[in-house]
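Going down the list, the protein sequences come from chains S and H. With this note's numbering, letter number 18 in the first sequence gets 68, and the count goes up by one each step, no holes. With this note's numbering, letter number 228 in the second sequence gets 268, and the count goes up by one each step, no holes. Down below is the structure, laid out as structure tokens.
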Amino acid sequence: MKLLGKRAPVAPLEYTRRWSMRIWVGLVLLFLYTPLITLVAFSFNDSRRNIVWRGFTTKYYEKALHNSSLMEALTNSITIAALATVVSVVLGALAAVLLWRFRFPTKAAWEGAMALPIVVPEICMGVAMLAFFARLDLPQDLPWPFDLSQITIAHITFCFPFVAMVVRSRLTSFNREEEEAAKDLGASEWQAFRDVLLPHMKPGLIAGALLAFTLSLDDFVITFFTSGPNTVTFPVKVYSMVRFSVTPEVNAASALVIALTVLLTTIALKLQSRMGTLAQGH
Amino acid sequence: MSDKTPIISIRNVTKRFKGAPSAAVDDVSLDIMPGEFFVLLGPSGCGKTTLLRMIAGFEIPTSGQILIDGQDMAEVPPNKRPVNMVFQSYAVFPHMTVAQNVGYGLKIAGVSADEIRSRVAEALELVKLDGLDARMPDQLSGGQRQRVALARSLVMRPKVLLLDEPLSALDAKLRAQMQFELADLQDKVGITFITVTHDQDEALSMAGRIAVMNKGDVAQLAAPADLYEYPANRFVADFVGSVNIFEGKLTLDEPDKAAVDCPGLGKVWLNHGVTGAHGSNVWVALRPEKIYLHVPGEGKAVRAAAEDAPEGHNFARGQIKGMSYLGDITLYEIQLDCGAMIRVSRPNLSRHDQEDFTWDDRVSMHWRADSPVVLLS
């Protein structure tokens, strides 16, 4: 550095100015994004196979969008994810408030039980769900979207503990005097919840909803065990397509889903930060 | 004041928390008069905040009764009580603007939007926050946030305003300023203020009456000057201000004079009676600022002491062991000839006063016959 003369010495915390660090970060990014970039790039490949680049085309997007069974699977997936997200957020938020707010016997057991769906291997959950629904023997030939109820219920089961976890950690930063202040000013229990606690929980609810939505959208194992013969979701459909060959059509469909999730995440984050500047939800 | 009915009546209130070895508030009875600036003063854990929270309705007394304006509050939840509270953390709602914060209680009460607007503006003007209605709380300083909390409570026109450690989070300069402003504000709105604090300066400067609390009990209830000059017991003498306390025996007690023999200090003479049993154990409290320091010529101190006490009383000798210069005053730690330590403060009336004494100097002291306070407990 001395030879160059002008450069300021590297301060202890200026990691971004160390070559070793830059190379390391570069490698990590490469490792993370190479598969995704390859997937998206080859969705534009003008070839039946995914190995050699043969030129640019968008025909596989067209093909994917006109593949009615693929589109049906995608619609199913989004419907399930939306339903599961709404129910999970409500259930998860309520569970979080319950565990944060109250002291009661067996509370520790409840907390453990809540975390169970997070730690139990998915395959076990899948088998358990399969056995459960077989025992329940629900009618199989319901019209859309009621035929998705089994999968939706299964998704809610593993999604809402994640929401509860996120919301609960958000709640620990809540100043209880705010709630008391609301009541002191005349608010009822419900009004204090609506006007003070809920706004504080909002960022946690948004993060939890995002988590639930993506978890539900790409779940394969549990869905595989709980889906009926006529209810195919996007991951299951892609799996069945890939079993024959990985065509650019699969790439295109996957790229569309990636775009969709990125879009949704961006909207949610924008919403959150707008509410942040608008209302200072921290 | 005695002919008025109290706005708040606390009758034999006890609060025990589950699992706590002793009561947080132990059989406390207090009457607070309308328009009073009342302060609950005490060290942390003395039960002052618990008492305040019971008045607000956030804690339920284990036994006893709290009356607000003659009405029993036993069955009344916090949101239905005619009192409002300013919380220690201010508890300003972070997702609402200043105006929304201040107007919240009125909105809940179903007041019309027009009236809310005018009353919020009025309240903000009262606490000198006019023009900041559209700000968010995180764009305000700590002092401004506190004013929002104040305005939010005052706008409800409560019968009593409760303040929990209102100044503890402010820096020293701002605190001194707010002490005056709070007293001023109380004067202006005429609402009864009840403040909880552990800071004796705060209590002395703002209060009309102070209840000093210790271990769930009221140790003394008095006006600020009485509390400082006539403490009722060692706890109050020690907690309010700085004090030297010496144990001794009462050797003379007549209506117009009394004498205490303190092994640690010497013979103490008082120009008033103390109503204690002859020969009983008592404590003498002597404030550091009420002791005069004399430059080594010892005769002066003896002569000064003899002016209002018999010879050999109200006078001591020692050596300076420590001093700290505080600008307006200098504090001295002096070891008396009998071994005990005594604290003496001396105002720096001129620029060079602090040069009169220094470490290891021999000094004499005297105090007037009306300065010591004899404490029976």
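Ideal placement from N, C-alpha and C gives every residue a C-beta, glycine not left out. All values reported here derive from a predicted model rather than from experimental measurement.
Membership of S:Thr125 in the alpha helix (DSSP H) is indicated by the continuous run Ser118 to Arg151. One Cα belongs to H:Pro295, the other to H:Leu310, and the distance between them is close to 11 Å. In this chain, H:Ala161 is not harboured by any beta strand (DSSP E); it is covered by the alpha helix (DSSP H) spanning Ala153 to Leu166. Under the three-state reduction of DSSP, S:Ile308 is assigned to helix.
Proximity of the region 104-112 of chain H to the region 45-57 of chain H meets the contact definition, three or more beta-carbon pairs being nearer than 8 Å.
Under DSSP, H:His353 takes part in a beta bridge, and its partners are H:Lys307. Under DSSP, H:Gly362 takes part in a beta bridge, and its partners are H:Glu373.
The criterion of a C-beta distance shorter than 8 Å is satisfied by H:Ser385 and H:Pro328. By alpha-carbon distance to H:Tyr365, the top candidate from H:Ala191, H:Ile382 and H:Trp399 is H:Trp399. Partner residues in the beta bridge of H:Pro387, as assigned by DSSP, are H:Ile369.
The Cβ atoms of S:Gln241 and S:Ala231 do not sit closer than 8 Å to each other. Taking one beta carbon from each stretch, the region 84-99 of chain H and the region 145-153 of chain H have fewer than 3 pairs nearer than 8 Å; the two do not touch. For S:Arg151, the closest alpha carbon among the candidates S:Ile130, S:Thr222 and S:Ala184 is that of S:Thr222.
Residues of the region 238-265 of chain S with a C-beta atom less than 9 Å from some C-beta of chain H are Ser238, Glu239, Gln241, Ala242, Asp245, Val246, Pro249, His250 and Lys252, listed in chain order. Within the model, the alpha-carbon separation for H:Asp410 versus H:Glu162 is close to 50 Å. For S:Ala61, no Cβ of chain H is located within less than 8 Å of the residue's own Cβ. DSSP, reduced to helix, strand and coil, places H:Asn141 within a helical segment of the structure shown.
S:Ala143 has a beta carbon lying at 8 Å or more from every beta carbon in chain H.
Interface annotation, H:Gly145: in contact with chain S, CB-CB separation under 8 Å. Annotated as proximal: S:Val246 and S:Glu229, with beta-carbon spacing under 8 Å. Assigned with DSSP and collapsed to three states, S:Gln190 falls in coil, not helix or strand. Cβ neighbours of S:Ile201 within its own chain (closer than 6 Å, five residues either side excluded): Ile130, Thr273, Thr276 and Ser277.
For H:Phe77, the enclosing beta strand (DSSP E) covers residues Phe77 to Leu81.
Excluding its 5 nearest sequence neighbours in each direction, H:Pro198 has C-beta neighbours in its own chain below 7 Å: Pro122, Val123, Asn124 and Ile231, listed in chain order. In terms of Cα proximity to H:Phe133, the closest of S:Ile87, S:His250 and S:Ala318 is S:His250. Residue-level contact check: H:Arg192 touches chain S, since one or more beta carbons of chain S fall below 8 Å from its beta carbon. By alpha-carbon distance to H:Gly288, the top candidate from H:Ala277, H:Val258, H:Asn321 and H:Ser158 is H:Asn321. Counting the other Cβ atoms within 10 Å of the Cβ of H:Gln217 gives fewer than 16, which makes it exposed. Around the beta carbon of S:Cys174, fewer than 16 other beta carbons lie within 10 angstroms, which makes this residue exposed.
Taking every protein chain shown into account, the CB of S:His116 has fewer than 16 other CB atoms within 10 angstroms, so this residue is exposed. Taking a C-beta cut-off of 9 Å against chain S, the contacting residues of the region 109-125 of chain H are Pro117, Pro118, Asn119, Lys120, Arg121, Val123, Asn124 and Met125, listed in chain order. Residue environment analysis places H:Pro264 among the buried positions, since at least 16 neighbouring C-beta atoms fall within 10 angstroms of its C-beta. The contact set of S:Leu124 on chain H, defined by CB atoms closer than 8 Å, is empty, because the minimum CB distance reaches about 37 Å. Contact check for H:Asp377 against H:Arg391 fails: the beta carbons are separated by 8 Å or more. For H:His334, no CB of chain S lies under 8 Å from its own CB, so it is not counted at the interface with that chain.
When the Cα atoms are used, S:Leu306 and S:Tyr110 turn out to be separated by approximately 11 Å.
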